[in-house]
Amino acid sequence: MSQENDTKTFRYPLRWRIMDALEAALDVLWPRRLSPYSGWALIMPALLLVGILVLGLFQIAESSLHVLDRSTFMPAEEYTLANYEMVADSATYWRVLWRSLLGAGLTVFFTLLLALPYSYIMVRTPSAAVRKALLVALFLPFFIGQVVRAYGILIVLGTSGAVNDVLGLFGVEPVRLLFNFPAVVFGLVQYMLPFAVLMLAPALTAIPRETETAASSLGANWVRTFWHVVIPMAKPGLVGAGLVVGTLSLTDFAMPAMLGGGSQDFIANAIYDQFFRTADQGLGAALALLLVALGSILVGIVIAVFGAGTLGMGGKK
Amino acid sequence: MNQSPSAGTMQAMRGEPPKVAVRVRDVTMDFGGGALAVDRASFDLETGRFLTILGPSGSGKTTLLRMIAGFQKPTSGAITINGRAVDATPPHRRSVGMVFQRLALFPHMTAAENVAFPLKMRRFNPKTIPGRVREFLDLVKLGDYGDRRINELSGGQQQRVAIARALVFEPELLLLDEPLAALDRKLREEMQLEFRRIQHELGVTTINVTHDQREALVVSDDIIVMDGGKIQQHAQPVDLYRRPDNPFVAGFLGVSTFVDGEATSDGLRAGGLTLRGTHATDISEGAPARGAIRAEQIRIDADPQALAGCDTAVPGKIHDVIFEGERLLYVAALDGLPGVEFRIYHHDPDAFDLYDIGAPVMIGWNARDMKIFKSVA
């Protein structure tokens with residue numbers, strides 16, 4: 001047995017060497033007797049980050065309690081709930097609130113409706129080429145970004161855009177497709193679809209194919225198999241995707257701003273106006289807090305109804 | 001033995017059933033890539049009988065079962081169930097109940113809902129469904145577990161739910177796709193007897209797929225042994241075990257030792273020894289041949305007189321002694337044939353630990369027990 005022969009049959013992998021070096025360095029930086037606290041050390045950066053957000057939230061809460069002094073254009077000294085009263089009394093803000101909720105709700109509905117068959121085919125197709133094509137089509141829009149995508153939609157749906165050109169071939173007069181509520185929901189669905197597909201795919205992968213085969217041997221055609229087996233078993237993915245799409249849509253800024261043309265503001269647009277146009281920090285802060293509260297309540301309700309387990313966190317059965 | 005299928009009550013209620021429940025004719029499956037997954041398989045299965053398709057993994061047994069269920073379309077050949085060609089019938093229109101390898105129960109439903117599912121899908125009268133679910137849960141001895149979720153049931157209970165679900169709509173045919181493979185041995189043996197009991201009680205025609213030769217022998221009326229996509233032998237369990245058609249079947253069921261040599265009129269010549277045996281296939285003298293003998297048919301004794309009754313008795317040496325609980329397994333070689341390790345079961349409760357490794361012994365058997373096959377190579 002020569003040494004040379006040994007190295008031929010087994011070479012110590014580079015990955016192991018790197019790990020050895022890292023572990024040696026770590027022993028110096030973080031001695032073993034500190035190992036019981038390793039968990040805390042690892043979670044600390046994330047806690048700090050969240051802590052900064054919480055501090056910011058307190059700051060916003062504080063400033064929401066001061067009205068704007070119109071003579072100096074600075075927040076007034078005294079504490080008051082006037083900003084909240086103003087939001088509550090304003091028909092405009094109620095309309096914005098309702099529009100945001102309805103927009104988010106419709107976006108969740110249509111996004112899941114489109115994402116479910118998309119991810120199902122992506123997961124179940126026997127053809128690797130089809131799967132790759134679907135994945136690429138899913139990821140391309142990610143590289144484009146929301147603003148550019150909204151701009152693209154402006155071009156395609158514009159009065160002299162591609163859609164109206166096609167309609168014109170059939171003798172239809174140019175239609176105004178943009179700057180209304182459906183245009184905003186369309187943009188949001190278009191934006192959210194990849195998120196929903198990516199969240200649904202693992203949930204669908206987790207359903208054994210044999211379960212669907214079993215359903216068909218028990219007498220279910222594919223429609224009934226989908227309704228009675230696939231959708232109930234994909235529930236965790238559907239709830240998770242719905243939550244992400246819902247909260248992202250509820251707080252979205254770019255789509256309502258660009259595709260709504262100023263007439264279809266969501267809450268985030270109203271907040272932006274207060275902070276950066278009228279410089280009424282107090283009112284903007286009050287709106288921001290309302291948005292946080294609304295989102296938290298909605299997420300809380302969903303988790304209470306479906307259980308944290310639906311988000312893949314174990315928990316309730 | 002198991003050769004007496006009871007005329008099923010279900011069939012009796014339907015009147016005189018066709019004698020042949022399943023007819024498979026020249027069914028071939030080609031997935032591409034050279035070898036055929038199933039190569040011209042043909043067999044008939046009579047109503048009410050329990051057939052096991054036995055084979056190693058990759059033998060094509062599961063593919064054959066899936067074609068009968070309708071999950072895969074044969075490349076060529078025909079399958080009829082109760083006289084009707086089913087080639088164009090999708091699985092959900094066939095009257096076939098199936099218990100799957102990983103059971104494939106619906107985790108979001110209770111046990112009772114799982115059992116009710118096929119009744120709902122097959123549009124049974126909703127009024128009759130609760131009674132029928134109850135009846136079949138009772139049949140599998142799960143009467144009190146109907147409202148349990150699947151993950152609240154033990155492995156054996158889940159098996160029972162899967163059986164009830166596959167049978168509740170009274171299918172013409174029950175298919176079992178190795179559902180017992182994942183169970184531990186004790187539970188597996190319990191469930192084997194349970195499958196037999198239920199099958200006898202309902203008289204439902206059943207096709208079971210397994211790689212477990214013991215299971216096949218215990219539960220079946222008929223056994224088909226498959227290898228390399230081909231049916232190797234189709235026989236009743238006792239015949240299959242006692243009269244294998246070829247060395248593969250001889251080796252797959254039971255523990256056999258193979259000796260290669262050339263055929264003689266009454267046995268086999270190998271390594272200068274003449275070993276007595278019986279021709280299992282037509283084979284001419286002097287042709288290359290392979291002898292097969294089962295571990296329980298070989299006798300071993302230090303005293304040559306004890307083997308006086310054997311047709312062949314040859315001196316040899318013990319290579320290894322393995323304690324298997326209910327018996328000893330000796331590994332031994334004949335003196336003229338050191339390369340062939342004979343495996344020999346020893347059951348005599350008084351004779352345990354009789355021979356040590358290296359001990360000289362006599363090894364013998366009767367001519368009818370050593371089967372001589374034509375060499376394939």
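Chains V and F, in that order, give the protein sequences. Start counting the first sequence at 1; every next residue gets the next number (full-length UniProt numbering). Start counting the second sequence at 1; every next residue gets the next number (full-length UniProt numbering). No residue lacks a Cβ here, since even glycine has one placed at the ideal position from N, Cα and C.
If you drop the 5 nearest sequence neighbours on each side, which residues of the same chain put their C-beta closer than 6 angstroms to that of L103(F)? Counted from its first residue, the second sequence places residue 103(F) at position 103. Cβ-Cβ distances below 6 angstroms link L103(F) to Q158, A162 in the same chain, with the five nearest sequence neighbours on each side left out; the list follows chain order.
Which one of K19(F), E296(F), C310(F), D311(F) has the shortest CA to CA distance from R327(F)? As a first step, residue 327(F) must be located in the second sequence, where it is residue number 327. That would be E296(F), whose Cα lies nearest to the Cα of R327(F).
Which two residues bound the contiguous alpha helix (DSSP H) that contains Y93(V)? Translated into the one-based positions of the first sequence, residue 93(V) becomes position 93. Where Y93(V) is concerned, the enclosing alpha helix (DSSP H) stretches over 91 to 124.
Going straight from the alpha carbon of N114(F) to that of I129(F), what length do you get? Translated into positions along the second sequence, residue 114(F) becomes position 114. Translated into positions along the second sequence, residue 129(F) becomes position 129. When rounded, the distance between both Cα atoms is 12 angstroms.
Just the Cα atoms here: how many angstroms apart are T210(F) and V219(F)? The count along the second sequence starts at 1 and reaches residue 210(F) at position 210. The count along the second sequence starts at 1 and reaches residue 219(F) at position 219. Just so you know, the alpha carbons of T210(F) and V219(F) end up roughly 11 angstroms apart.
Along chain V, which residues have their Cβ under 8 angstroms away from the Cβ of P130(F)? Here residue 130(F) refers to the residue found at position 130 when the second sequence is read from its first residue. For P130(F), no chain V residue has a Cβ inside 8 angstroms of its Cβ, as the nearest lies near 18 angstroms away.
Under the rule that 16 or more other beta-carbon atoms within 10 Å means buried, what is V147(V), buried or exposed? As a first step, residue 147(V) is located in the first sequence; it is residue number 147 there, counting from the start. Counting Cβ neighbours within 10 Å, V147(V) comes out exposed, since fewer than 16 surround it.
Would you mind telling me which residues of chain V sit closer than 9 angstroms to F169(F), beta carbon to beta carbon, in chain order? Counting from 1 along the second sequence, the entry for residue 169(F) is found at position 169. For the C-beta of F169(F), the chain V residues within less than 9 angstroms are, from N- to C-terminus, L218, G219.
How do the segment 247 to 258 of chain V and the segment 99 to 116 of chain V stand: do at least 3 beta-carbon pairs fall below 8 angstroms, yes or no? With the cut-off at 8 angstroms, the segment 247 to 258 of chain V and the segment 99 to 116 of chain V touch.
Could you pull the start and end residues of the alpha helix (DSSP H) that I150(F) belongs to? Taking the second sequence and counting its residues from 1, one reaches residue 150(F) at position 150. Premise fails: I150(F) is in no alpha helix (DSSP H) and is neither H nor E.
Minimum Cβ-Cβ distance from F117(F) to chain V less than 8 angstroms: Stepping through the second sequence from its first residue, residue 117(F) is reached at position 117. So, interface residue.
Are at least three pairs of beta-carbons, each pair with one atom in the segment 184 to 199 of chain V and one in the segment 106 to 113 of chain V, less than 8 angstroms apart? Under the Cβ criterion (8 angstroms, minimum of three pairs), the segment 184 to 199 of chain V counts as touching the segment 106 to 113 of chain V.
Taking Cβ positions, are D311(F) and N366(F) nearer each other than 8 angstroms? Along the second sequence, read from residue 1 onward, the residue named residue 311(F) stands at position 311. Along the second sequence, read from residue 1 onward, the residue named residue 366(F) stands at position 366. Closer than 8 angstroms, so yes.
Let me confirm a value: K132(V) is counted as buried when at least 16 other C-beta atoms fall within 10 Å, else exposed. Which label applies? Position 132 of the first sequence, counted from the start, is the residue given in the question as residue 132(V). When all chains shown are included, K132(V) counts as exposed.
Taking contact to mean 3 or more Cβ pairs, one atom from each stretch, closer than 8 angstroms, check whether the segment 254 to 265 of chain V and the segment 211 to 222 of chain V are in contact. Contact fails: fewer than three Cβ-Cβ distances are below 8 angstroms.
Please report the straight-line C-alpha distance between L116(V) and V223(V), rounded to a whole angstrom. Translated into positions along the first sequence, residue 116(V) becomes position 116. Translated into positions along the first sequence, residue 223(V) becomes position 223. The straight-line gap separating the alpha-carbon atoms of L116(V) and V223(V) is approximately 13 angstroms.
Does the contact criterion of 3 or more C-beta pairs under 8 angstroms hold for the segment 163 to 175 of chain F versus the segment 136 to 145 of chain F? Touching, per the Cβ criterion.
Is R290(F) a contact residue of the ligand SAH, with contact defined as CB to any heavy atom under 7 angstroms? Absence of the ligand SAH from the depicted structure is noted, as is the absence of any ligand whatsoever, leaving it without description.
So does the segment 229 to 247 of chain F actually touch the segment 79 to 86 of chain F, counting three or more Cβ pairs closer than 8 angstroms? Remark: fewer than three beta-carbon pairs, one from each stretch, lie closer than 8 angstroms, so the segment 229 to 247 of chain F and the segment 79 to 86 of chain F are not flagged as touching.
Which residues does DSSP list as the beta-bridge partners of Q233(F)? Within the second sequence, residue 233(F) is the residue found at index 233, counting from 1. By DSSP's assignment, Q233(F) forms a beta bridge with V225(F).
DSSP has G291(F) in a bridge; who is on the other side? Within the second sequence, the letter at position 291 stands for residue 291(F). Looking at the DSSP assignment, G291(F) forms a beta bridge with V259(F), I372(F).
What is the residue span of the alpha helix (DSSP H) that V140(F) lies within? Counting from one through the second sequence, the residue named residue 140(F) turns up at place 140. No alpha helix (DSSP H) holds V140(F); DSSP gives it neither H nor E.
With distances taken from CA atoms, which of A250(F), Y145(F), T62(F) is nearest F373(F)? If you number the second sequence from 1, residue 373(F) lands on position 373. Nearest C-alpha to F373(F) among A250(F), Y145(F), T62(F): A250(F).
Do we get a CB-CB distance below 8 angstroms when we pair G315(V) with the residues of chain F? Your numbering for residue 315(V) matches position 315 in the first sequence. Caution applies to G315(V), whose pLDDT of 41 falls short of 50 and renders its modelled position unreliable; the model cannot decide the point.
Inter-stretch contact (C-beta, 8 angstroms, three-pair minimum) for the segment 64 to 72 of chain F and the segment 168 to 185 of chain F: Contact holds: three or more Cβ-Cβ distances are below 8 angstroms.
Would L51(F) be called buried (16 or more neighbouring beta carbons within 10 Å of its own) or exposed? The residue given as residue 51(F) occupies position 51 in the second sequence. Label assigned to L51(F): buried.
Output yes if chain A places a C-beta closer than 8 angstroms to the C-beta of A263(F); else output no. Protein chains in the displayed structure are V and F, and chain A is not among them.
So the beta strand (DSSP E) V115(F) belongs to, where does it begin and stop? Reading the second sequence from its first residue, position 115 is the one you call residue 115(F). Note, V115(F): premise wrong, no beta strand (DSSP E); alpha helix (DSSP H) at 111 to 121.
Looking at the secondary structure, which residues open and close the alpha helix (DSSP H) in which L329(F) lies? Translated into the one-based positions of the second sequence, residue 329(F) becomes position 329. No alpha helix (DSSP H) contains L329(F), which is instead part of the beta strand (DSSP E) from 328 to 334.
Using a Cβ cut-off of 8 angstroms (strictly closer), state whether V229(V) contacts chain F. Reading the first sequence from its first residue, position 229 is the one you call residue 229(V). True, the Cβ-Cβ gap to chain F drops below 8 angstroms.
Rounded to whole angstroms, what is the Cα-Cα separation between F170(V) and N164(V)? Your numbering for residue 170(V) matches position 170 in the first sequence. Your numbering for residue 164(V) matches position 164 in the first sequence. Across the structure, F170(V) and N164(V) are spaced so that their CA atoms are roughly 10 angstroms apart.
Would you identify the three-state DSSP class for Y37(V), choosing helix, strand or coil? Counting from one through the first sequence, the residue named residue 37(V) turns up at place 37. Helix, per DSSP.
Hey, would you say D320(F) sits closer than 8 angstroms to V331(F), going by beta carbons? Locating residue 320(F) in the second sequence gives position 320, counting from the first residue. Locating residue 331(F) in the second sequence gives position 331, counting from the first residue. The answer is yes: Cβ separation under 8 angstroms.
Is there a Cβ from chain V that is less than 8 angstroms from the Cβ of V86(F)? Reading the second sequence from its first residue, position 86 is the one you call residue 86(F). Using beta-carbon distances, V86(F) does not count as an interface residue toward chain V, since no partner is under 8 angstroms.
Candidates M362(F), G32(F), D227(F): closest to D303(F) by CA position: For the purposes of this step, residue 303(F) is identified with residue 303 of the second sequence, where counting begins at 1. Answer by Cα proximity: M362(F).
Considering only their Cβ atoms, is the gap separating Y120(V) from M258(V) smaller than 8 angstroms? Here residue 258(V) refers to the residue found at position 258 of the first sequence. Here residue 120(V) refers to the residue found at position 120 of the first sequence. Going by C-beta atoms, M258(V) is not nearer than 8 angstroms to Y120(V).
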